[in-house]
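Everything on this sheet refers to the single structure shown next.
Numbering (the numbering used here), first residue to last: 14 to 177.
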């Protein structure tokens, strides 16, 4: 398939089928894809942080779960998707660095867990059906979404590939 699109950190890309959306090097980041099979469209974001509160950098809304999810929906709606048919899959959210539990003070370092939780919360807020996810652990991932099969390939370092 020639239509392969690389979704960089903090990017959002929407495509029409046939296409592949690929994002590399997900550690604590989340690769989230929302799609509408009937309209044959999909969009992916490479989310780096759970929310944009306190950030002045909104040039790349794909960076934050709270901004990326509504942007993905808007991009798909522009491509004639219907919200009630949209589905989501996501992966990532690993804990890449050890934290020392000291009365909960290290929680802010658990970015992967927070990214996964916020992605889930915003998908639920917008009533997007979650089909599958692969989050957590302590290994990085690369994901590839294929608009011909509607499958998300998740390659985990040292563990191989899983199709979700």
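Glycine is no exception: its CB is placed at the ideal position from the N, C-alpha and C atoms.
Inset, instruction - State the Cα-Cα distance for the pair residue 144 and residue 46, rounded to the nearest angstrom. - result: Stepping through the chain shown from its first residue, residue 144 is reached at position 131. Stepping through the chain shown from its first residue, residue 46 is reached at position 33. Residue 144 and residue 46: Cα-Cα distance of roughly 11 Å.
Inset, instruction - With a threshold of 6 Å, establish whether the CB of residue 163 neighbours any heavy atom of the ligand FAD. - result: In the structure on display, the ligand FAD does not appear, and there are no ligands present to speak of.
Inset, instruction - Could you tell me whether the segment 128-135 touches the segment 152-163, where touching means 3 or more Cβ pairs closer than 8 Å? - result: No: the two stretches stay apart, fewer than three of their Cβ pairs being nearer than 8 Å.
Legend entry - Extent of the continuous alpha helix (DSSP H) to which residue 125 belongs: Your numbering for residue 125 matches position 112 in the chain shown. Annotation for residue 125: the continuous alpha helix (DSSP H) segment containing it runs 124-138.
Inset, instruction - Evaluate contact between the segment 66-78 and the segment 90-108, counting only Cβ atoms and requiring at least three cross-stretch pairs below 8 Å. - result: Counting Cβ pairs under 8 Å, fewer than three are found: no touch.
Legend entry - Residues bridged to residue 29 (per DSSP): For the purposes of this step, residue 29 is taken as the residue at position 16 of the chain shown. DSSP lists 54 as the bridge partner or partners of residue 29.
Legend entry - From 110, 103 and 139, residue whose alpha carbon lies closest to that of residue 176: As a first step, residue 176 must be located in the chain shown, where it is residue number 163. Measuring from the Cα of residue 176, the nearest candidate turns out to be 103.
Inset, instruction - Would you kindly work out how many angstroms separate the C-alpha atoms of residue 62 and residue 148, rounded to a whole number? - result: For this step, residue 62 is matched to residue 49 along the chain shown. For this step, residue 148 is matched to residue 135 along the chain shown. Cα to Cα, residue 62 sits roughly 15 Å from residue 148.
Inset, instruction - Report, in whole angstroms, the separation of the C-beta atoms of residue 155 and residue 40, which I expect to be a contact under 8 Å. - result: On the chain shown, position 142 is the one that residue 155 refers to. On the chain shown, position 27 is the one that residue 40 refers to. Between the beta-carbon of residue 155 and that of residue 40 there is about 11 Å, and that puts the pair past the 8 Å contact cut.
Inset, instruction - Label residue 74 either buried or exposed according to how many other C-beta atoms from any shown protein chain fall within 10 Å of its C-beta, with 16 as the threshold for buried. - result: In the chain shown, residue 74 corresponds to position 61, counting from 1. When all chains shown are included, residue 74 counts as buried.
Legend entry - Simplified DSSP assignment, three categories, for residue 100: On the chain shown, position 87 is the one that residue 100 refers to. Under the three-state reduction of DSSP, residue 100 is assigned to strand.
Inset, instruction - Spell out whether any CB of chain C is found under 7 Å from the CB atom of residue 127. - result: Judged by its chain identifiers, the structure shown contains no chain C, having just a single protein chain.
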